[in-house]
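So that you can map any letter, position 27 of the sequence shown is 391 in the numbering used here, and since no number is skipped, the others follow by simple counting. Report on the following structure.
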Amino acid sequence: MIEILTPAELTRARETGALVAHILQTLRGRSTAGTNLLDIDRWTKEMIVEAGATSCYVDYAPSFGRGPFGNYICTAVNDAVLHGMPHDYALADGDLLTLDLAVSLGGVAADSAISFVVGGSGSPESVALIDATERALAAGIAAAGTGARLGDVSHAIGTVLGAAGYQINTEFGGHGIGSRMHQEPSIPNTGRPGRGYKLRPGLLLALEPWVMADTDQLVTDADGWTLRSATGCRTAHSEHTIAITDDGAEVLTEPASLTTTSRAS
365 MIEILTPAEL TRARETGALV AHILQTLRGR STAGTNLLDI DRWTKEMIVE AGATSCYVDY
425 APSFGRGPFG NYICTAVNDA VLHGMPHDYA LADGDLLTLD LAVSLGGVAA DSAISFVVGG
485 SGSPESVALI DATERALAAG IAAAGTGARL GDVSHAIGTV LGAAGYQINT EFGGHGIGSR
545 MHQEPSIPNT GRPGRGYKLR PGLLLALEPW VMADTDQLVT DADGWTLRSA TGCRTAHSEH
605 TIAITDDGAE VLTEPASLTT TSRAS
């Protein structure tokens with residue numbers, strides 16, 4: 365079932381999105397060389413609890429994982445790209461780190477991911493990966509006006525990723541979100557324009573382009589969760605939760621100083 369939020373629920377979704385954005389930006393500032401992934405998970409728990417929110421991950425146990433996940437944030441380093449389970453690892457300068465976070469506040473969830481280079485100075489490959497996912501995310505958001513179709517969003521994302529020279533894996537992609545973290549509709553990172561569900565005001569979507577430098581194949585760690593590139597190449601992942609409104613796509617998980625609304629054309 366596809367969930368359409370009421371105006372009151374959309375107000376709560378904005379609050380959840382702002383919290384997710386704040387936590388991710390706080391963690392980004394703290395993630396320096398020597399920071400342990402377990403500390404990132406602990407800090408995340410502290411901020412979620414302090415806000416009176418609930419983790420969407422701790423008890424998450426889908427069919428594809430070895431659940432429950434049992435942690436508060438996904439931490440994926442270098443060749444890890446999705447569902448990175450925090451473990452005893454100290455970050456090093458130049459690591460490409462992805463933080464993926466979903467929380468629920470007031471009964472409405474929001475989900476976002478950021479990729480960045482620890483220490484701020486990355487290899488050209490790392491910078492290109494991150495840039496491609498961020499540009500693809502922006503293109504997907506721009507395509508998500510009221511009356512557009514899901515295929516338009518997927519096509520916009522896939523066009524950017526493909527033009528950047530990356531292969532696209534369609535096993536995992538974006539999704540509907542609302543009272544639950546993962547729900548219909550599914551949003552692949554490539555698709556045909558003009559196809560699929562027509563977007564309506566009140567619909568919440570989590571768009572999440574991700575790529576791997578030289579492959580579209582994934583392998584799973586022994587932890588049953590962490591997904592890595594099959595070749596050991598670097599990866600990147602960017603995600604925002606957006607709300608479809610009468611005026612276009614409103615980004616709910618953008619840091620407050622960067623909040624934007626994409627108007628439908």
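All C-beta atoms, glycine included, are put in the ideal place defined by N, C-alpha and C.
Residue interval of the beta strand (DSSP E) (run including residue i)
i	result
Ser-593	591-593
Pro-450	Neither: Pro-450 is in no beta strand (DSSP E) and is coded neither H nor E.
Asp-464	460-469
Ser-479	472-481
Met-576	574-576
Glu-614	612-615
Ala-586	Taken as a continuous stretch (DSSP letters only), Ala-586 belongs to no beta strand (DSSP E), as it is neither H nor E.
Val-441	438-441
Thr-710	Only positions 365 to 629 of the chain appear in the structure, and residue 710 is not among them; the question remains open.
Cβ neighbours of residue i in the same chain (closer than 6 Å, five flanking residues each side left out)
i	result
Thr-390	none
Gly-560	Arg-513, Leu-514, Gly-515
Ala-613	Ile-505, Ala-508, Ile-606, Ser-626
Ser-593	Asp-443, Met-576, Thr-579, Thr-599
His-546	His-539
Ala-415	Leu-383
Thr-399	Leu-455
Ala-620	none
Anticipated Cβ contact below 8 Å, residue i with residue j, distance rounded
i	j	result
Ala-641	Thr-380	There is no way to answer for residue 641, as the model of the chain reaches only from 365 to 629.
Gly-511	Pro-557	At roughly 13 Å, the Cβ-Cβ gap does not stay under 8 Å, so Gly-511 and Pro-557 are not in contact.
Val-482	Leu-571	The pair is not a contact, with the Cβ atoms about 25 Å apart (cut-off 8 Å).
His-601	Ala-477	5 Å
Leu-374	Ala-607	6 Å
Met-365	Glu-548	6 Å
Ala-496	Ala-528	4 Å
Ser-419	Val-467	6 Å
Limits of the alpha helix (DSSP H) - the one that residue i falls within
i	result
Glu-498	488-506
Leu-402	401-414
Pro-549	Counting along the chain, Pro-549 falls outside any alpha helix (DSSP H), though it belongs to the beta strand (DSSP E) covering 547-551.
Leu-446	Where Leu-446 is concerned, there is no enclosing alpha helix (DSSP H), although the beta strand (DSSP E) it sits in stretches over 444-446.
Ala-382	371-394
Val-524	514-527
Beta-carbon gap between residue i and residue j smaller than 9 Å
i	j	result
Leu-461	Ala-440	yes
Ala-372	Leu-616	no
Asn-442	Asp-464	no
Leu-569	Gly-540	yes
Asp-610	Pro-565	yes
Arg-394	Trp-407	yes
Residues near residue i by beta carbon distance below 8 Å, same chain, minus five either side
i	result
Thr-396	Leu-455, Val-482, Gly-483
Arg-376	Leu-469, Gly-470, Gly-471, Val-472
Gly-542	Glu-367, Leu-369, Glu-373, Ala-377, Val-472, Ala-473, Leu-568
Asp-457	Ala-397, Val-482, Gly-483, Ser-485
Gly-429	His-447, Gly-588, Trp-589
Val-422	Pro-432, Phe-433, Gly-434, Asn-435, Tyr-436
Tyr-424	Gly-431, Pro-432, Phe-433, Met-545
Residues near residue i by beta carbon distance below 7 Å, same chain, minus five either side
i	result
Leu-401	Thr-439, Pro-450, His-451, Tyr-453
Glu-489	Ala-577, Arg-598
Gly-537	Ser-550, Ile-551, Pro-552, Asn-553, Glu-572
Asn-533	Asp-580, Leu-582
Glu-498	Ser-602
Validate contact between the stretch 543-553 and the stretch 508-522 using beta carbons, cut 8 Å, 3 pairs
yes
Are at least three pairs of beta-carbons, each pair with one atom in the stretch 581-591 and one in the stretch 429-438, less than 8 Å apart?
yes
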